[in-house]
Amino acid sequence: MSHGVRLLCVFSLALWVAACGGTTVSPQVELPSSSPGDTLTLAAATHQITLLVHFWERAYAGSRWRDVENTFTGTSDGVSLVSQMIRWQRERIHQLQIVPTFVQHQSANQYVATLRFADDPRAVPAYRIYVFGFHGTQPRVLGSTTGLKGSNFDNVRWSITRSAHFVVFHSPYEVQGADRQYLADLEYERTQVEHEFGVKLPAQASYHLYPNTTLMARLTGNTCGSSSDNVGCTDPYTRPPSIQTSLWPTYHEPIHVYQLAFEPPPTRSAVLVAPLFIAEGMAVALEDRQADPRLSDYCSTLIYIPLDDCARISVGQTRPIDLLTDRGFKRSDPGNAYALGGSFVKYLMLKYGYRPFAKFYYKLAAQPSDTLEDYNAATYGIYHLSTPQLVQAWQHQLCASGCS
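Numbering follows our numbering, with no gaps: position 287 of the sequence shown is 315.
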C-alpha cells in the first residue's frame, strides 16, 4: 500500500507469571577480605568482579536482596538491579548467570565492567555497565555508566565496529569483549534470509546500539524508546538504512531493512509497504539468529518462550481480523498485535514456504490500501484462499490444544 516514510518499531512482550516464593533479607554481606594497600592488575580486577557477580547469583537464588544492594555504594543502582531481579524471578528465571564480558581500567582503583545476565542461550541476554571501585581487592559498585555523551545520536562520540554488512555504533564498553560474537550471528541471520527467500538484500545498514532505552529516547528525541517496552526502531529508507536499538543482539530490526527487497520500488511521492500486521509479523517471526519462525525469541525474556505460546494468550484478548489495517494494529495492545502478527506469518511461511510468502508480501505491498479487499487480492493471488479463510485455518491450528 502507498505510504509516506514509516518508522518501524519493536515493542518487547513480558509474559508475567506468578511470583515464586517469598523474599528473605540477610543483614550483612560477606565478601573476601582485603587490604587497602593492595594493587590490582586488570586480570586480578576481572577475577574479583567475577567473584562478586557469582555472589549475586547465589543471592538471587536465595532471594537475598539486601545482600545485593549492600554491594553498591549508592542506593538507586542497587535498587534498580534488585527490582529487575525480582521481575526475573516472577518470570521463572531460575538459573541466572552473570558474566563480565568486558572489563577496562578507568582510574586509580576504578574499573568499568559490562555484565551479561542470561539464562537460556536461545534468548537474548540483558546487559548492564557498572563502575567498580576497589578497596584493596574488595570491589563495590560505585554506579552505572554508558560511556556515551551528546545531545542527539548524530553528535555522540560513538565507538564503531564494522562487519561485512553492518556498521555498529556503540558504547566503548559494548561490542568489545565476548559480546562481539553477536556480529557474526547478525551476519548469519542475513545470510539465512537471503538464501531462504531468494532475494538480494541491501548491502549495508547502520546499527546504533544504546545501553538502555532511556538513553535511546533522549538521543533520538523520543522517536525511539519513548516507553520502556519500545526497544528498537528502524528507518529502512535512509542511506544506508538505520537501526536504533537497545538490544544486543536484536534479530528483529534488521528484518525491516531486508523488507526493502520484498517491496515494489518506491515512487517519487511515496513508498509501497505491507500493512503493519504483516510487516511487523514478519520481523517477529524471523526474530532469531537462524531466521527460523520456530525459534523466534519475541516472547522470551532471559528464558526461551515459543512464539505461539504467547499468541495463544493474545488471541483470547484481541481479534486477529481487527489487526489487518494499520489503524486497528496501532489501536491494539502492542504485545498482542505483534505476537499475533508473528504467529500468523509463521503459519504462512511454514505451511506454504518462504518464497511464496515473499511473493505474497510483494503483492500485498503493491495494493492501494490495507482493506480486506486488498488483503484478499494478495492471498487469492498467492495462496488461492481468502484472508479470513487463512486466518481461520491458522487459528484452528494455533488453538488445537487450547487457547486462553
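Where is the CB? At the ideal position from N, CA and C, for every residue including glycine.
From a predicted model like this one, the values you see are computed outputs, not experimental measurements.
- Spatial distance of phenylalanine 385 from threonine 353 (CA atoms): 19 Å
- Message: Below 8 Å, how does it come out for the stretch 305-315 and the stretch 265-275: are there three or more Cβ pairs, yes or no?
- Response: The stretch 265-275 and the stretch 305-315 do not touch, with fewer than three beta-carbon pairs separated by less than 8 Å.
- Item | Outcome for threonine 295 when other beta-carbon atoms lying within 10 angstroms are tallied against a minimum of 16 | exposed
- Message: Taking only three categories from DSSP, how would you classify serine 179?
- Response: coil
- Given leucine 413, which residues of its chain have a CB within under 7 Å of its CB, disregarding the five upstream and five downstream residues? Thr407
- Message: For the structure I just gave you, are there three or more beta carbon pairs, one from the stretch 183-196 and one from the stretch 224-244, closer than 8 Å?
- Response: At 8 Å Cβ cutoff, the stretches touch.
- Would you mind stating whether glycine 381 and tyrosine 326 have Cβ atoms separated by less than 8 Å? no
- Task: Could you check which residue in Ser432, His223, Gln76 and Arg144 has the C-alpha nearest to that of aspartate 207?
- Result: Arg144
- Could you name the residues that DSSP lists as bridge partners for alanine 233? Phe194
- Query: Are the beta-carbon atoms belonging to alanine 87 and isoleucine 331 less than 8 Å from one another?
  - Reply: no
- Message: Suppose you measure from the CA of alanine 71 to the CA of isoleucine 121; what does that come to, to the nearest Å?
- Response: 30 Å
- Item | Pick from Lys228, Lys177 and Thr329 that is closest to aspartate 147, judged by C-alpha positions | Thr329
- How about proline 282 and glutamate 217: are their beta carbons less than 8 Å apart? Taking 8 Å as the Cβ cut-off, proline 282 and glutamate 217 qualify as a contacting pair.
- Count the other CB atoms, across all protein chains shown, that sit within 10 Å of the CB of arginine 383; report buried if there are 16 or more and exposed otherwise. exposed
- Message: Based on DSSP bridge pairs, tell me the residues matched to alanine 393.
- Response: Partner(s): none; alanine 393 has no beta bridge.
- Stretch pair the stretch 278-293 + the stretch 210-227: three plus CB contacts closer than 8 Å: Between the stretch 278-293 and the stretch 210-227, the count of Cβ pairs shorter than 8 Å is three or higher; the stretches touch.
- Query: Contact between the stretch 126-138 and the stretch 73-80: three or more CB pairs below 8 Å?
  - Reply: The stretch 126-138 makes contact with the stretch 73-80; the number of CB pairs closer than 8 Å reaches 3 or more.
- Message: Considering only DSSP beta bridges, list what tyrosine 139 is partnered with.
- Response: His133 and Phe160
- Ends of the alpha helix (DSSP H) at leucine 378? In this chain, the alpha helix (DSSP H) harbouring leucine 378 covers 362-380.
- Nearest to serine 111 by CA position, among Gly102, Leu124 and Glu97, is which residue? Glu97
- Query: Counting Cβ pairs, one atom from each stretch, are 3 or more of them under 8 Å apart for the stretch 355-373 and the stretch 164-178?
  - Reply: no
- Spatially closest choice to lysine 391 from Ala302, Trp422, Ala313 and Cys427, by CA coordinates: Ala302
- Task: Give a yes or no on whether the C-beta atoms belonging to threonine 248 and phenylalanine 181 are separated by under 8 Å.
- Result: Yes, they are a contact pair.
- Helix, strand or coil at glutamine 423 according to DSSP, with G and I counted as helix: helix
- Query: When the distance is taken between beta carbons, is serine 274 closer than 8 Å to asparagine 240?
  - Reply: yes
- Item | Alpha-carbon to alpha-carbon, tyrosine 286 and glutamate 224 | 13 Å
- Message: Spatial neighbours of glutamine 204 within its chain, please: C-beta separation below 6 Å, excluding the five flanking residues on both sides.
- Response: Phe130
- Query: Roughly how many whole angstroms lie between the Cα atoms of proline 292 and tyrosine 389?
  - Reply: In a straight line, the C-alpha of proline 292 is about 10 Å away from that of tyrosine 389.
- Query: Which partner residues of valine 184 appear in the DSSP bridge assignment?
  - Reply: In DSSP, valine 184 forms no bridge with anything.
- From which residue to which residue does the alpha helix (DSSP H) around leucine 70 run? 70-89
- Can you check DSSP and say which residues form a bridge with threonine 189? Val196
- Would you check if the distance between the CB atom of glycine 344 and the CB atom of cysteine 431 is smaller than 8 Å? Contact flag set, yes.
- Query: For the stretch 208-257, which segments carrying the alpha helix (DSSP H) assignment without a break, of at least 4 residues, lie completely within its bounds, in sequence order?
  - Reply: List check, alpha helix (DSSP H) in window: 210-225 and 241-247.
- Message: Less than 8 Å between the beta carbons of leucine 335 and leucine 351, yes or no?
- Response: no
- Message: Once the 5 residues before and after alanine 319 are set aside, which same chain residues still bring their CB inside 7 Å of it?
- Response: Glu217, Gln220, Val221 and Glu224
- Message: Quick check on alanine 298: buried or exposed, where buried means 16 or more other Cβ atoms within 10 Å of its Cβ?
- Response: exposed
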